[in-house]
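A.B. asks: What follows is a structure written as structure tokens; I'll ask about it next.
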Amino acid sequence: MRRSQFFISTLKEAPSDAEIVSHQLMLRAGLIKRLAGGIYTWMPLGLRVLRKVETIIREEMNRSGAVELLMPAVIPAELWQETGRWQAYGPELLRLKDRHQRDFVIGPTHEEVITDVVRREVKSYRQLPLHLYQIQTKFRDEIRPRFGVMRGREFVMKDGYSFHASFADLEREYRVMYDTYGRIFSRLGLGFRAVAADTGAIGGTGSHEFHVLADSGEDALAIGTGSDYACNVELAEALPPTEKRAAAAQALEKVATPQRTRCEDVAELLQLPLTRTVKAIAIMAGGEAAPPSFVLLLLRGDHILNEIKTAKLPGLEAAPFRFATDAEVEEFLGCKPGYIGPVGADRARVRLIADRAVATMSDFVCGANEEGAHLAGVNWGRDLPEPDLVADIRNVVAGDPSPDGKGTLEIRRGIEVGHIFQLRTRYSEKMSCSFLDENGKSRVMEMGCYGIGVTRIVGAAIEQGFDERGIVFPLAIAPFAVAIAPMGYAKNATVKKAADALYEELRQAGIDVLLDDTSERPGVMFADLELIGIPHRIVVGERGLAEGKVEYKGRRDAEAQMVAAEQILAFLRKRLCED
RNA sequence: CGGGGCGUAGCGCAGCCUGGUAGCGCAUCUGAUUUGGGAUCAGAAGGUCGCACGUUCGAAUCGUGUCGCCCCGACCA
24 MRRSQFFIST LKEAPSDAEI VSHQLMLRAG LIKRLAGGIY TWMPLGLRVL RKVETIIREE
84 MNRSGAVELL MPAVIPAELW QETGRWQAYG PELLRLKDRH QRDFVIGPTH EEVITDVVRR
144 EVKSYRQLPL HLYQIQTKFR DEIRPRFGVM RGREFVMKDG YSFHASFADL EREYRVMYDT
204 YGRIFSRLGL GFRAVAADTG AIGGTGSHEF HVLADSGEDA LAIGTGSDYA CNVELAEALP
264 PTEKRAAAAQ ALEKVATPQR TRCEDVAELL QLPLTRTVKA IAIMAGGEAA PPSFVLLLLR
324 GDHILNEIKT AKLPGLEAAP FRFATDAEVE EFLGCKPGYI GPVGADRARV RLIADRAVAT
384 MSDFVCGANE EGAHLAGVNW GRDLPEPDLV ADIRNVVAGD PSPDGKGTLE IRRGIEVGHI
444 FQLRTRYSEK MSCSFLDENG KSRVMEMGCY GIGVTRIVGA AIEQGFDERG IVFPLAIAPF
504 AVAIAPMGYA KNATVKKAAD ALYEELRQAG IDVLLDDTSE RPGVMFADLE LIGIPHRIVV
564 GERGLAEGKV EYKGRRDAEA QMVAAEQILA FLRKRLCED
């Protein structure tokens, strides 16, 4: 591609509303342009990157035996009503009416459509298994779109759905996809981890997320140092402490703590480590239907509540809980928030759930249920009855023992770029997607689904590859593999001839090359080529040509090197293979 | 959904407090000189100051409303 015939528009300064580096660089490099919140145009340069990502995904999906199709983005509401998701999905689902006032949705995901396709087309076990996928634009009306293409409302997704005659066959395909995803992200040149996303009934194999590791990631991951254990912090188990509860050594004592409502403040006042304090979080369980019950959750002062694990506890799993209002706290504990605690609570009305760590604490500090006061030297059994339930309700922290018993955990941040999931019969049952087995008996199909955030991958790749000059793309997804930067293209006939000849030579060799024939000043040219992240650069100048040489510089190299002009193709081929 | 902030040229910003002909840098266009790391000089084009209503002789500036965008919070006991 000749730059004069292409379209590249770069910026020196990033728009001020771009927060993270990938968003800033994508705007500066002119990969995307914002049209509305979370909605972007992919400019020609960005589209080249996106297409390369798609191509790798497509090649590996096809290689795994999946078959591509393309479903509509606009879906009749009936299908969504059939599975109940018309009601359940909430405001993220963009709904619209056609001219006949019929309801439609813009598809945020396509389980309903694919299941409808398959139930009409597939009747026999002989047609199974079947794995269909598409690469398509989705729309989710996110509460808060941000970070450019990382959390856009409109985005491109690869979504695949597999159909099976048995659970065992679903498990087989799931493993195939697990490996396929690993190959895809490796080929894309990304540093990633597959993490368990569900430890539920299916025994820990039911769902995996694929995360690109980056400090700006929105998800916290618990990663084992002594094994390949990896789990989303949302689900990672905090093991019970190994040490037993120590015997009470201190007397119960009320201490004045005016204006000290947070554990940090109380610990500071009493000159105690935060780990000796207990915080109480008041929630209302049972949802809005029945009269909700009051529950006090107890956590060590330095720990953080894990709402996902908490919501699965006995008595809380039926309906979503919510945090209690100030008035409810006063009603049940007779005290303002900030000084509440478990001691003296009316246990007929207040259910106590203690984190495993709290259950083994002794001589701890907690709110006194009296404004401006806390209790110190508190001990289970002596000062208050044992908790109604001891459970794992906190987020794991770095240094916690790994749940698999090997080593400890570290916390890394990740960007979720892929998710594989065993749907089982969740959709096939509701939509009567069935087949006749070998015995002529009708059975419901087992389903799996497999997603990759195609547009998000571009942002994630930049989060992993950038420096002070701009983007450092992996070769596999760079908009161009090689750039030729002639010095004085318009003025110097020798340079022009050499640059044109080299351009043709590389093109003939099948190398994806950009010739910067704009005659910009060298500094401008170099700055642009570095900003947009082209991995390899060749400078053709009069000085080098006089010695029969051109200059080569890799995007990550500190120094350029001179290469004989007649050897540059072989030299580049070698470089391109190394990447 | 709650809190905060911001809307002035393609991008980054000043002007607003104290109302009086809309500015700066980058980018763009013309010409000249430059040409191996974001050139220099001279000239030019580009904005109904988000939108609406109000106050006023007069509004980018003051008031009310509205729309959009961004950030933070939703872990608070």
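Going left to right, the first sequence walks through residues 24 to 602 as our numbering numbers them. Glycine is no exception: its CB is placed at the ideal position from the N, C-alpha and C atoms. Here the structure is a predicted model, which is why all the values come from computation and not from measurement.
How big is the Cα-Cα spacing for residue 399 and residue 367?
C.D. replies: Position 376 of the first sequence, counting from 1, holds the residue named residue 399. Position 344 of the first sequence, counting from 1, holds the residue named residue 367. Using only the alpha carbons, I get a separation of about 14 Å.
A.B. asks: Going by alpha carbons, who is nearest to residue 452 out of 147, 465 and 423?
C.D. replies: Working through the first sequence from its first residue, we reach residue 452 at position 429. Selected option, being the one with the closest Cα: 465.
A.B. asks: With a threshold of 16 other CB atoms inside 10 Å of the CB of residue 123, please say whether the residue is buried or exposed.
C.D. replies: Position 100 of the first sequence, counting from 1, holds the residue named residue 123. Residue 123 should be labelled exposed.
A.B. asks: Suppose you measure from the CA of residue 433 to the CA of residue 423; what does that come to, to the nearest Å?
C.D. replies: As a working note, residue 433 is residue 410 in the first sequence. As a working note, residue 423 is residue 400 in the first sequence. Taking the straight line joining both Cα atoms gives about 8 Å.
A.B. asks: Please report how far the alpha carbon of residue 395 lies from the alpha carbon of residue 298, in whole angstroms.
C.D. replies: Numbered from 1 along the first sequence, position 372 holds the residue referred to as residue 395. Numbered from 1 along the first sequence, position 275 holds the residue referred to as residue 298. Taking the straight line joining both Cα atoms gives about 21 Å.
A.B. asks: Tell me which residues share the same chain as residue 153 and place their Cβ nearer than 8 Å to its Cβ, disregarding the 5 neighbours each side in the sequence.
C.D. replies: On the first sequence, residue 153 is found 130 positions in, with the first residue counted as 1. For residue 153, where only same-chain residues beyond five positions count, the Cβ hits under 8 Å are 90, 141, 145, 185 and 186.
A.B. asks: Look up residue 161 in the DSSP assignment and give the residues it is bridged to.
C.D. replies: Numbered from its first residue, the first sequence carries residue 161 at position 138. Looking at the DSSP assignment, residue 161 forms a beta bridge with 178.
A.B. asks: Between which two residues does the beta strand (DSSP E) carrying residue 620 extend?
C.D. replies: Residue 620 is absent from the structure shown; the chain starts at 24 and stops at 602.
A.B. asks: Which value, in whole angstroms, describes the spacing of the CA atoms of residue 180 and residue 474?
C.D. replies: Locating residue 180 in the first sequence gives position 157, where the first residue counts as 1. Locating residue 474 in the first sequence gives position 451, where the first residue counts as 1. If I take the Cα positions, the gap works out to 7 Å.
A.B. asks: Work out the CA separation of residue 233 and residue 294 for me, nearest whole Å.
C.D. replies: In the first sequence, residue 294 corresponds to position 271, counting from 1. In the first sequence, residue 233 corresponds to position 210, counting from 1. In a straight line, the C-alpha of residue 294 is about 43 Å away from that of residue 233.
A.B. asks: Assign residue 602 to one of two classes, buried (16 or more other C-beta atoms within 10 Å of its C-beta) or exposed (fewer than that).
C.D. replies: In the first sequence, the residue the question calls residue 602 occupies position 579. The residue in question, residue 602, is exposed, as its Cβ has fewer than 16 Cβ neighbours within 10 Å.
A.B. asks: Output the distance between the C-alpha atoms of residue 493 and residue 504, rounded to the nearest integer angstrom.
C.D. replies: As a working mapping, residue 493 is identified with position 470 in the first sequence. As a working mapping, residue 504 is identified with position 481 in the first sequence. Roughly 16 Å between the two C-alpha positions.
A.B. asks: Tell me whether the beta-carbon of residue 510 lies closer than 7 Å to the beta-carbon of residue 558.
C.D. replies: Within the first sequence, numbered from 1, the residue matching residue 510 stands at position 487. Within the first sequence, numbered from 1, the residue matching residue 558 stands at position 535. Contact: no.
A.B. asks: Work out the CA separation of residue 539 and residue 28 for me, nearest whole Å.
C.D. replies: Taking the first residue of the first sequence as 1, we reach residue 28 at position 5. Taking the first residue of the first sequence as 1, we reach residue 539 at position 516. Computed Cα separation, rounded: 10 Å.
A.B. asks: Assign residue 12 to one of three DSSP states: helix, strand, or coil.
C.D. replies: In this structure the chain extends from 24 to 602, so residue 12 is not present and cannot be described.
A.B. asks: Among 355, 416 and 345, whose alpha-carbon lies nearest the alpha-carbon of residue 376?
C.D. replies: By one-based count along the first sequence, residue 376 stands at place 353. Measuring from the Cα of residue 376, the nearest candidate turns out to be 416.
A.B. asks: Given this structure, state the Cα-to-Cα distance separating residue 102 from residue 361, to the nearest angstrom.
C.D. replies: Numbered from 1 along the first sequence, position 79 holds the residue referred to as residue 102. Numbered from 1 along the first sequence, position 338 holds the residue referred to as residue 361. Approximately 49 Å between the Cα atoms of the pair.
A.B. asks: What do you reckon, are the CB atoms on residue 58 and residue 37 nearer than 7 Å?
C.D. replies: Here the question's residue 58 lines up with position 35 in the first sequence. Here the question's residue 37 lines up with position 14 in the first sequence. Their beta carbons are not under 7 Å apart, which means residue 58 does not touch residue 37 by this criterion.
A.B. asks: When the Cβ atoms of the region 519–527 are set against those of the region 453–472, are three or more pairs found closer than 8 Å?
C.D. replies: No, they do not touch.
A.B. asks: Going by DSSP, what residue range makes up the alpha helix (DSSP H) through residue 207?
C.D. replies: Here the question's residue 207 lines up with position 184 in the first sequence. Run containing residue 207: 190–210, per the alpha helix (DSSP H) assignment.
A.B. asks: Run through DSSP, which three-state label would residue 580 get?
C.D. replies: For the purposes of this step, residue 580 is taken as the residue at position 557 of the first sequence. Correct three-state label for residue 580: coil.
A.B. asks: Along the chain, where does the alpha helix (DSSP H) containing residue 595 start, and where does it finish?
C.D. replies: The sequence position of residue 595 within the first sequence is 572, counting from 1. Unbroken alpha helix (DSSP H) run through residue 595: 591–601.
A.B. asks: Can you say whether residue 566 is buried or exposed, counting buried as having 16 or more other CB atoms within 10 angstroms of its CB?
C.D. replies: As a working mapping, residue 566 is identified with position 543 in the first sequence. Label assigned to residue 566: exposed.
A.B. asks: Please work out which residues of its chain come closer than 6 Å, Cβ to Cβ, to residue 284, disregarding the five sequence neighbours upstream and downstream, and give them in chain order.
C.D. replies: Taking the first residue of the first sequence as position 1, residue 284 is located at position 261. Excluding positions up to five away in sequence, the list reads 361.
A.B. asks: What is the C-beta distance between residue 164 and residue 174, in whole angstroms, given that I count them as a contact (C-beta under 8 Å)?
C.D. replies: For this step, residue 164 is matched to residue 141 along the first sequence. For this step, residue 174 is matched to residue 151 along the first sequence. About 12 Å separates the two Cβ atoms, so there is no contact after all.
A.B. asks: Do you know offhand how far residue 227's Cα is from residue 67's?
C.D. replies: As a first step, residue 227 must be located in the first sequence, where it is residue number 204. As a first step, residue 67 must be located in the first sequence, where it is residue number 44. Confidence at residue 227 is low in this model, with a pLDDT of 44, below 50, so the placement of that residue should be treated as unreliable; the coordinate-derived value is given next. Distance between the alpha carbons of residue 227 and residue 67: 42 Å.
A.B. asks: Leaving aside the five residues before and after residue 611 along the sequence, list all residues of the same chain whose C-beta is less than 8 Å from its C-beta, in chain order.
C.D. replies: This structure cannot settle anything about residue 611, because the visible part of the chain is limited to 24 through 602.
A.B. asks: Quick one: residues in its chain with C-beta nearer than 6 Å to the C-beta of residue 497, no 5 flanking neighbours on either side, listed in chain order?
C.D. replies: For the purposes of this step, residue 497 is taken as residue 474 along the first sequence, with counting starting at 1. For residue 497, where only same-chain residues beyond five positions count, the Cβ hits under 6 Å are 212.
A.B. asks: Using 8 Å for Cβ pairs, my map puts residue 390 next to residue 364. What's the rounded Cβ distance?
C.D. replies: On the first sequence, position 367 is the one that residue 390 refers to. On the first sequence, position 341 is the one that residue 364 refers to. That belief holds up - the Cβ atoms of residue 390 and residue 364 are roughly 3 Å apart, short of 8 Å.
A.B. asks: How long is the line joining the alpha carbons of residue 316 and residue 278, rounded to whole angstroms?
C.D. replies: Residue numbering aside, residue 316 sits at position 293 when the first sequence is read from its first letter. Residue numbering aside, residue 278 sits at position 255 when the first sequence is read from its first letter. Distance between the alpha carbons of residue 316 and residue 278 is about 30 Å.
A.B. asks: Near residue 42, what residues of its chain come up, given a Cβ to Cβ distance below 8 Å and the 5 sequence neighbours on each side ignored?
C.D. replies: Within the first sequence, numbered from 1, the residue matching residue 42 stands at position 19. Counting only Cβ-Cβ distances below 8 Å, and skipping sequence neighbours, we find 169 and 170.
A.B. asks: Looking at residue 599: is its Cβ nearer than 7 Å to the Cβ of residue 532?
C.D. replies: Here residue 599 corresponds to residue number 576 of the first sequence, with the count starting at 1. Here residue 532 corresponds to residue number 509 of the first sequence, with the count starting at 1. No, the Cβ-Cβ distance between residue 599 and residue 532 is not below 7 Å.
A.B. asks: From what residue to what residue does the beta strand (DSSP E) around residue 111 run?
C.D. replies: The sequence position of residue 111 within the first sequence is 88, counting from 1. Element bounds for residue 111: not the beta strand (DSSP E) but the alpha helix (DSSP H), 108–111.
A.B. asks: What are the uninterrupted segments assigned as beta strand (DSSP E) that are 3 or more residues long and contained completely in the region 519–555, given in chain order?
C.D. replies: Runs of the beta strand (DSSP E) inside the region 519–555: 536–538.
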